[in-house]
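*Asks:* The structure follows.
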Amino acid sequence: MDPNPRFRLFPMPVQSGLLFVVWLLMNNTLAVGHIFLAALLALAIPIAVSSLQHPQPTVHKPLLALRYFLLVLMDIVIANIQVAILILGPLKKMQPGFIAVPLDIKQNLPITLLASTVSLTPGTVSCDVSEDQCWLYIHALNLVDEQELINSIKNRYEAPLKEIFGC
Amino acid sequence: MLKTALLLVNFMIAMALLLSLWRLIQGPSLADRILALDTLYINSIALIILLGMYMGSPLYFEAALLIALLGFVSTAALCKYLLRGDIIE
Amino acid sequence: MNWTELAISFFVLLGGLFMLIGSIGLARLPDFYMRLHAPTKATTLGVGSLLIASMLFFSIKNSMFSIHEVLITIFLFITAPVSAHMMAKAALHVDTQTLERTQGSEAHQAATARKSTPSEADLANKQEGSES
Chain D
234 MDPNPRFRLF PMPVQSGLLF VVWLLMNNTL AVGHIFLAAL LALAIPIAVS
284 SLQHPQPTVH KPLLALRYFL LVLMDIVIAN IQVAILILGP LKKMQPGFIA
334 VPLDIKQNLP ITLLASTVSL TPGTVSCDVS EDQCWLYIHA LNLVDEQELI
384 NSIKNRYEAP LKEIFGC
Chain G
2 MLKTALLLVN FMIAMALLLS LWRLIQGPSL ADRILALDTL YINSIALIIL
52 LGMYMGSPLY FEAALLIALL GFVSTAALCK YLLRGDIIE
Chain Z
143 MNWTELAISF FVLLGGLFML IGSIGLARLP DFYMRLHAPT KATTLGVGSL
193 LIASMLFFSI KNSMFSIHEV LITIFLFITA PVSAHMMAKA ALHVDTQTLE
243 RTQGSEAHQA ATARKSTPSE ADLANKQEGS ES
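Structure representation (structure tokens):
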């Protein structure tokens, strides 16, 4: 990390880009004036707030990250249809349950991403992380095979996240 | 045809709002009530977007965005209250 | 115009259906942790498809690209899991009742206490399972 990030021109490049795009989206325009204003804000705000920044693990493989994003998007649609069927179906057959998933990733950002992914994908909501960040507790709406669910979470979501952040 | 679909969906979301309201009154626990409030604000975002399409005016977008922002913050604040017994420590 | 109107109507109906299913789940499911699934999942896709319909509608009506609804969609997709997680955590903290047939009570107790491991034997069991 730069020892003195306050004086760099782009202390937070990703956030600058995001700010630029969000400003233009919010005004729903591509007018020249707004582009200038967005560029000004995208330059000024990160310089003002960069001293508040925590060091976070960076994305090592952007293409894999894009693939992961598309995978999650597809799983959200599948999850919605599955949950809709479960909700409208008979309630007596449902077997809810808590499970604990051991975590291999240790930093905050990947764990947050994993927990959010788990919440958005089929039949599972993440409830809590143990204090030493080794276990993720999950509630499953219809728990059929505990070991299979743990393996699928680890292989489908945790392994790519581990690779993306290179940890 | 679009007007009919919009009216039909308006009815569906009104039903959804009533169901969430029932859960809000019924309880039984505090967490259930927070969840019901969360659902209520998301349903009202949908209702406002529908109203905007029905009126053909893009002005309602800002209202929907504001409800989304405030709804999330209020859910977070209520959960924090349950967790710590205090919102601003 | 007819085809686009059909597409917009389809997305509007899909969105309304998912919102309604989410609230039916909220009213119908028996315990809090199960109820949590319905609104977080069903409503994200419901609002998502309503916003797609709104984007199409305004893009065609004003015959210019209107994609600022994407902002609400992204915001809801980011915040829905976060608020679900916070509510689950709050519910664990105040010991909300679970259904009797809920499985995995060790994991539930460990999650309530935020303890590290459910038990030593369980830990060994899990690691064998994930290696195989």
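Residue numbers (the working numbering), protein chains in the order written: chain D, 234 to 400; chain G, 2 to 90; chain Z, 143 to 274. We put the beta carbon where it would ideally sit given N, CA and C, even for glycine. Given the structure is predicted, the values throughout are model-derived calculations rather than measurements.
Flag this pair as yes or no: are the beta carbons of residue 55(G) and residue 18(G) separated by less than 8 Å?
*Replies:* With respect to the 8 Å criterion, residue 55(G) and residue 18(G) are not classified as neighbours on the basis of their beta carbons.
*Asks:* At a cut-off of 7 Å, would you count residue 302(D) as near the ligand NAP, judging by its Cβ distance to the nearest heavy atom?
*Replies:* Judged by which ligands are present, the structure shown has none, so any question about the ligand NAP falls away.
*Asks:* Residues of chain D with a CB under 9 Å from the CB of residue 160(Z): which are they?
*Replies:* 313 and 317
*Asks:* Looking only at its chain, what residues have a beta carbon closer than 6 Å to the beta carbon of residue 333(D), apart from the 5 residues adjacent to it on each side?
*Replies:* 368 and 370
*Asks:* Give the residues of chain B in contact with residue 239(Z), contact being defined as C-beta atoms less than 9 Å apart.
*Replies:* The chain inventory of the structure shown lacks chain B, comprising the protein chains D, G and Z.
*Asks:* Judging by CA-CA distance, which residue of 312(D), 378(D), 394(D) and 361(D) is the nearest neighbour of residue 179(Z)?
*Replies:* 312(D)
*Asks:* For chain Z, check one thing: does any of its Cβ atoms lie closer than 8 Å to the Cβ of residue 372(D)?
*Replies:* Yes - at least one Cβ of chain Z is within 8 Å of the one on residue 372(D).
*Asks:* Check whether the Cβ of residue 187(Z) lies closer than 8 Å to any Cβ atom in chain G.
*Replies:* no
*Asks:* Is it buried or exposed, residue 153(Z), if we count other Cβ atoms within 10 angstroms and call 16 or more buried?
*Replies:* buried
*Asks:* Quick one: which chain G residues come within Cβ less than 9 Å of residue 307(Z)?
*Replies:* There is simply no residue 307(Z) to check, as chain Z begins at 143 and stops at 274 in what is shown.
*Asks:* Who pairs with residue 61(G) in a beta bridge, going by DSSP?
*Replies:* According to DSSP, which records beta bridges pairwise, residue 61(G) is partnered with nothing at all.
*Asks:* Just how far apart, CA to CA, sit residue 305(D) and residue 347(D)?
*Replies:* 11 Å
*Asks:* Quick one: what's got a C-beta closer than 8 Å to residue 80(G)'s C-beta in the same chain, skipping five residues either side?
*Replies:* Result list for residue 80(G): 35, in chain order.
*Asks:* Rank 354(D), 386(D), 254(D) and 394(D) by C-alpha distance to the C-alpha of residue 268(D) and give the top, closest one.
*Replies:* 254(D)
*Asks:* What separation, rounded to the nearest whole angstrom, lies between the Cα atoms of residue 399(D) and residue 218(Z)?
*Replies:* 28 Å
*Asks:* Tell me whether the beta-carbon of residue 146(Z) lies closer than 8 Å to the beta-carbon of residue 164(Z).
*Replies:* Not a contact, by the Cβ cut-off of 8 Å.
*Asks:* Run through the DSSP bridge pairs and tell me what residue 369(D) is partnered with.
*Replies:* 334(D) and 362(D)
*Asks:* Does any CB atom of chain D fall closer than 8 Å to the CB of residue 182(Z)?
*Replies:* yes
*Asks:* Assign residue 284(D) to buried or exposed, taking buried as 16 or more other Cβ atoms, counted over all protein chains shown, within 10 Å of its Cβ.
*Replies:* Classified as exposed, residue 284(D) has fewer than 16 neighbouring CB atoms from the shown chains inside 10 Å of its CB.
*Asks:* Helix, strand or coil, according to DSSP, for residue 185(Z) in the structure here?
*Replies:* Residue state, collapsed to three classes: helix.
*Asks:* The alpha helix (DSSP H) with residue 271(D) in it runs from where to where?
*Replies:* 265–282
*Asks:* So with Cβ pairs under 8 Å, would you call residue 151(Z) a contact of chain D?
*Replies:* no
*Asks:* Please determine, among 232(Z), 169(Z) and 202(Z), the residue with the shortest C-alpha to C-alpha distance to residue 144(Z).
*Replies:* Among 232(Z), 169(Z) and 202(Z), the Cα nearest to that of residue 144(Z) belongs to 202(Z).
*Asks:* Run through DSSP, which three-state label would residue 357(D) get?
*Replies:* strand
*Asks:* Report back the beta-carbon spacing between residue 177(Z) and residue 188(Z) to the nearest angstrom; my notes put them in contact at under 8 Å.
*Replies:* The C-beta distance from residue 177(Z) to residue 188(Z) rounds to 16 Å, too long to fall under 8 Å, and the pair is not in contact.
*Asks:* Should residue 68(G) and residue 196(Z) be called a contact, given that it needs their Cβ atoms to be closer than 8 Å?
*Replies:* no
*Asks:* From the beta carbon of residue 253(D), is the nearest beta carbon of chain Z less than 8 Å away?
*Replies:* no
*Asks:* What residues from chain Z crowd round residue 24(G), counting only those whose CB sits closer than 9 Å?
*Replies:* 165, 168, 169 and 177
*Asks:* Alpha helix (DSSP H) containing residue 308(D): first to last residue?
*Replies:* Note, residue 308(D): alpha helix (DSSP H), 295–321.
*Asks:* Taking the CB atoms as reference points, tell me whether residue 257(D) and residue 277(D) lie closer together than 8 Å.
*Replies:* Not in contact: residue 257(D) and residue 277(D) (Cβ atoms no closer than 8 Å).
*Asks:* Closer than 6 Å by C-beta to residue 373(D): which residues in its own chain qualify, once you throw out the five before and the five after it? Chain order, please.
*Replies:* 330, 356 and 357
*Asks:* Considering only residues of the same chain and omitting the five flanking positions on each side of residue 341(D), which have a CB-CB separation below 6 Å?
*Replies:* Nothing listed; no residue qualifies.
*Asks:* Out of 43(G), 29(G) and 13(G), state which residue places its alpha-carbon closest to the alpha-carbon of residue 64(G).
*Replies:* 43(G)
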